[in-house]
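Novice: Next up is a structure, given as C-alpha cells.
Number of protein chains: 2
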Amino acid sequence: MDDPVLLTGAGGRVGQAILRGIGEDHEWRLLDREPLSADRLPPGVTDDDVIVADVTDTAAMVEAMDGVGAVIHLAGDPRPEAPWNSVLENNIDGAQTAFEAAVDAGVEKVAFASSNHAVSAYETDARTPEMYRTDDDYGLDGTELPRPGNLYGVSKAAGETLGRYYHDTEDLSVVCVRIGNLTESHPPRNYERGQAMWLSHRDCAHLFDRCIRADYEYEIVYGISDNERKYYSIERAREALGYDPEDDSAAYTLEGEPRDKA
Amino acid sequence: MDDPVLLTGAGGRVGQAILRGIGEDHEWRLLDREPLSADRLPPGVTDDDVIVADVTDTAAMVEAMDGVGAVIHLAGDPRPEAPWNSVLENNIDGAQTAFEAAVDAGVEKVAFASSNHAVSAYETDARTPEMYRTDDDYGLDGTELPRPGNLYGVSKAAGETLGRYYHDTEDLSVVCVRIGNLTESHPPRNYERGQAMWLSHRDCAHLFDRCIRADYEYEIVYGISDNERKYYSIERAREALGYDPEDDSAAYTLEGEPRDKA
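As given, the protein sequences belong to chains V and W, one line each in that order.
Positions 1 to 262 (full-length UniProt numbering) are the ones given, in order, by the first sequence.
Positions 1 to 262 (full-length UniProt numbering) are the ones given, in order, by the second sequence.
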C-alpha cells in the first residue's frame, strides 16, 4: 500500500467530489476545520483518520503530514467575494503553512487547489461573451501571468507562487490546479462562462487521482472537463499528469438538459 | 504645481536615493514607520509633510493619500531573508492596504517597489554564472511568471498581482519595478550578479521620476542601469515609461574601480 494521502478541506465541495470518486483508491488522512459527519467519509475511513484543525496551525499541519506521500491542499476560504483579511489568513498564510509543513514532513508532492479566479480578469468586456464560445480562438494555457478578478483570486495566485518557491528551493513536486466550475450531474444552467469551464465530478476526481499518481516537477494546469467550448487549455494537464477527461458540457443544452443525439 | 507625491518607506535606501535625486522636482508627502531626521528630508520638506505610520494602518494610509496624485510604495520589510510572518504582514498586507487606500483616495497611479528576488530562482545552477555575462543570451523581460528565490520574493510577486487586480478592477495605473542591486557610487564589488543588475542612484531617481510623470496602464519593468552585462531587459521601462538610464556597470572593473578608457 502506498503512503496515505492527506486531503485538506475534505468536507468542502471539491473534497467531497474527490472522495466520492476515488475514495476507495487511496488510503486517506482527512483534515477539515469542522468535524466530518459519517456520510462525508469514504468506506473504511473512520474518525481516527480525521484531523480537525485550522490550516494556519503549523503544529497540527506538520503532525497531519507525518508519513504522508502526497497532499491535496484544498482548505481555505472558497468564496470568490471573500474579504481580504480572510483570504490573507486562510488562503495565503494557509498555503504557506501547508507547503512548509509538507517540506518539514518530507512529503513528496502537493496538489494545490488554485482557481479560475486567479485569471478571471482576462475576461474583459471586449472579449466576452465571445471568448466563451466554440468559434472563438482566445485561450489561456497556464503560462500567462495571473490576472485575478477578485481578492480570492489574488490569494490563489499567491499560493501558486508559494508552490513555485517551495519547488525551486526544496525540490517539492507541486501541481497547481486552476479549478473551473465544478457541478454534480449537469453543467451550470444558462451560464456560458460556467459551461466553458465546467468540471464534472468524475473528471475532478480523476484529475486529482492523476495529481496523486503522476510524476511532475512544477505545473500549473487548468481543471476543466473536455468541453467543446473552452478557453482554458487542458493540454498541459494531459501531458504532465495523464489527465484523460470523459465529460463535455456540449453533451448538454445551454439549459443543462442532456442533448439529443444529432 | 502638480498634486503631491506620497513616498512610503521614505527613510529606506531606495527612498533616500529617490529623494536625493529628485527631491526638489516634486511636492512630497513622506511616510515611514520611524520619524525621519532632518538630513533625510529634501529641501523645503518639513516635519509637517512626514507621516509616521505603519503601512498596514488603513486609516493612516487613506489619510496620507488625501489629495495625492501618485504614490511610490516602497515600505515593507526589505530583507531578502525576512521570515514569512513579517513579509506576510508588512509586504503583502501592506501592499494591499496601500493599493486599496490609493483607490479610496482617488489616486491616479501607484509605483510599487517589486524586486529581483521575485524572479531570482530563474538563476539556476545550470545557468549561473554564465547568465550574468555579456556573451550569454538568457534573459527576462517581465512577461515571465514569478520564480522567487525567497519568501521576500514571494511577497513581492504577490504585490505585483495585487497591483494587477487593482488596475483591472479599479482602473488604477500601476507600475511594478523589479529593483536590481542599488548602490551609491560604484557597482557591487566582485559580484557578477550584482553588476549585471546594478542600479545606480541617479538612474533609480530618474526611473521613479518617470513612474510619477509617465502615463501607463499596468506594467512590470526591471529597474537596473543600462549595464552591458545584463539578463533583465529594460526595453519595457524605456517604452512604457521613457526611462533613459545613464549608467553602466561596465564603466567599472569587477573590483568596482572606474575603468580606464581603452
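Even for Gly, the Cβ is constructed at its ideal location relative to N, Cα and C.
If you run the structure through DSSP and keep just helix, strand and coil, what is Leu-254 of chain V?
Specialist: coil
Novice: In three-state DSSP terms, what is Ser-249 of chain W?
Specialist: helix
Novice: From the DSSP output, which residues share a beta bridge with Phe-112 of chain W?
Specialist: W:His-73 and W:Cys-176
Novice: In its own chain, which residues sit with a C-beta less than 8 angstroms from the C-beta of Arg-229 of chain W, not counting the 5 before and 5 after it?
Specialist: Tyr-132, Arg-133, Thr-134, Glu-192, Gln-195, Ala-196, Ser-249 and Ala-250
Novice: Quick one: grab the DSSP three-state call for Ser-86 of chain W.
Specialist: helix
Novice: Per the contact definition of three or more C-beta pairs closer than 8 angstroms, is the segment 149-156 of chain V in contact with the segment 176-189 of chain W?
Specialist: no
Novice: Does the segment 65-74 of chain W come close enough to the segment 207-218 of chain W to have 3 or more Cβ pairs within less than 8 angstroms?
Specialist: yes
Novice: Met-61 of chain W: which of W:Asp-39, W:Ala-102, W:Ser-37 and W:Gly-242 sits nearest, CA to CA?
Specialist: W:Ala-102
Novice: Could you tell me the distance, in whole angstroms, from the CA atom of Val-5 of chain W to the CA atom of Glu-160 of chain V?
Specialist: 34 angstroms
Novice: State the beta-bridge partners of Ile-220 of chain V as determined by DSSP.
Specialist: BP columns for Ile-220 of chain V point to V:Cys-176.
Novice: Considering only residues of the same chain and omitting the five flanking positions on each side of Glu-34 of chain W, which have a CB-CB separation below 8 angstroms?
Specialist: Gly-11 and Val-52
Novice: Looking at Val-119 of chain V and Arg-147 of chain V, is the spacing between their C-beta atoms short of 8 angstroms?
Specialist: Val-119 of chain V is positioned such that its CB atom lies closer than 8 angstroms to that of Arg-147 of chain V.
Novice: Give a yes or no on whether the minimum CB-CB distance between Ala-53 of chain W and chain V is below 8 angstroms.
Specialist: no
Novice: Tell me, to the nearest whole angstrom, how far the beta carbon of Asp-141 of chain V is from that of Ser-225 of chain V; I am working on the premise that it is less than 8 angstroms.
Specialist: Going by Cβ atoms, the distance from Asp-141 of chain V to Ser-225 of chain V rounds to 17 angstroms, so no, they are not a contact pair.
Novice: Indicate whether Arg-189 of chain W and Gly-256 of chain W have their beta-carbon atoms separated by less than 8 angstroms.
Specialist: yes
Novice: Taking Cβ to Cβ, would you say Ala-82 of chain V is nearer than 8 angstroms to Leu-19 of chain V?
Specialist: no
Novice: Say whether chain A places a C-beta atom closer than 8 angstroms to the C-beta of Val-177 of chain V.
Specialist: Among the protein chains of the structure shown, namely V and W, there is no chain A.
Novice: For Leu-162 of chain V and Pro-80 of chain W, I'd like the C-alpha separation in whole angstroms.
Specialist: 15 angstroms
Novice: With distances taken between CB atoms, is the gap from Gly-94 of chain V to Gly-106 of chain V smaller than 8 angstroms?
Specialist: no
Novice: Determine the extent of the alpha helix (DSSP H) in which Ile-92 of chain V is found, giving its start and end residues.
Specialist: Looking at the DSSP string, Ile-92 of chain V is not in any alpha helix (DSSP H), and its letter there is neither H nor E.
Novice: Counting only Cβ pairs nearer than 7 angstroms, list the residues of chain V close to Asp-171 of chain W.
Specialist: Going along chain V, no residue has its Cβ under 7 angstroms from Asp-171 of chain W, so there is no contact; the nearest lies around 12 angstroms.
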